[in-house]
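In what follows, a single structure is set out as structure tokens and then discussed.
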Amino acid sequence: FTKDISATGLIKLYEHVSRDISGKVAVKLHTGEPNGPNIIPREMVKPLMEHIPQSAIVECNVLYGSPRQTTEGHRRTIATNGWTFCPVDIMDAEGEVSLPVPGGKHLQELAVGSHILNYDSMLVLTHFKGHAMGGFGGSLKNIAIGCASGKTGKAQIHSDGTRLWAGGPLFMERMVEGGKAVTNHFGRRIAYI
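The opening position of the sequence shown corresponds to residue 102 in the numbering used here, with each subsequent residue numbered one higher.
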């Protein structure tokens, strides 16, 4: 934690947690709905992205009705919201792959954007927010739902097998299992801020 909420503070946090981060780095953050206020300030993120060689912001399309439901609409939203200072990879733009969930109770695998395989490491930048189904959103939501592919993966987490938007405690368990798939994929090469 830090009291220095600035680009310099963010870089210092990164230096503190980046020991195992190397190679091509996926920076997972929420780029927001069109003109949405619930995003990490871009002026804090830009210097960090410049500080991390071979990095790109990564996202996946969404399942609910939004311009971000399609890759084209998502790219327009990214431009509208000012994420144009570095590469932004819509990881499910060209399909999905399944990552295993070892010991999963609800999910045996999670469909994620296929481009996740292009990255050696992941840095997770998470803003704190309320979430209608999952309570308070944090890094778990950012990687579990945020890396899940827009159609299949997000439906795997949100569905109880009979209802798509099931919610409840089992939704939280499925979200944990989705997060496990992503963290197991990267192992020690994932860090959180």
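The beta-carbon is built from N, C-alpha and C at its ideal position, and this holds for glycine as well.
Quantities reported herein were computed from a predicted structural model and do not represent experimental measurements.
Rounded C-alpha distance that separates residue i from residue j
| i | j | result |
| --- | --- | --- |
| Lys104 | Ser156 | 26 Å |
| Arg264 | Ala212 | 18 Å |
| Cys187 | Met145 | 13 Å |
| Lys255 | Thr171 | 14 Å |
| Gly110 | Asn219 | 28 Å |
| Val118 | Ser222 | 12 Å |
| Ala245 | Met276 | 6 Å |
| Val202 | Val163 | 21 Å |
| Val128 | Glu134 | 18 Å |
| Tyr293 | Ser240 | 7 Å |
Assumed close pair residue i, residue j - CB separation to whole angstroms, cut-off 8 Å
| i | j | result |
| --- | --- | --- |
| Glu210 | Ala282 | 7 Å |
| Glu160 | Ile112 | Actually they are not in contact, since the Cβ atoms of Glu160 and Ile112 sit about 22 Å apart, beyond 8 Å. |
Helix, strand or coil at residue i [DSSP, three-state]
| i | result |
| --- | --- |
| Glu134 | coil |
| Gly214 | strand |
| Val189 | strand |
| Ile291 | strand |
| Glu173 | helix |
Contact test: residue i Cβ vs the ligand GDP heavy atom, cutoff 7 Å
| i | result |
| --- | --- |
| Ile258 | Inclusion of the ligand GDP in the displayed structure is not the case, the ligand content being empty and no account of it being possible. |
Residues near residue i by beta carbon distance below 6 Å, same chain, minus five either side
| i | result |
| --- | --- |
| Asp121 | Arg289 and Arg290 |
| Val189 | Ile158 and Ile179 |
| Gly196 | Ser215 |
Sequence-distant residues of its chain with Cβ nearer than 8 Å to residue i (five each side left out)
| i | result |
| --- | --- |
| Gln257 | Leu208, Leu211, Ala212, Ala249, Arg275 and Gly279 |
| message | My parser needs the alpha helix (DSSP H) runs of 4 or more residues fully inside the stretch 234-288; what are they? | response | 240-248, 253-259 and 269-287
| query | Which whole runs of the beta strand (DSSP E) in the stretch 104-169 are 3 residues long or more, in chain order? | reply | 126-129 and 156-160
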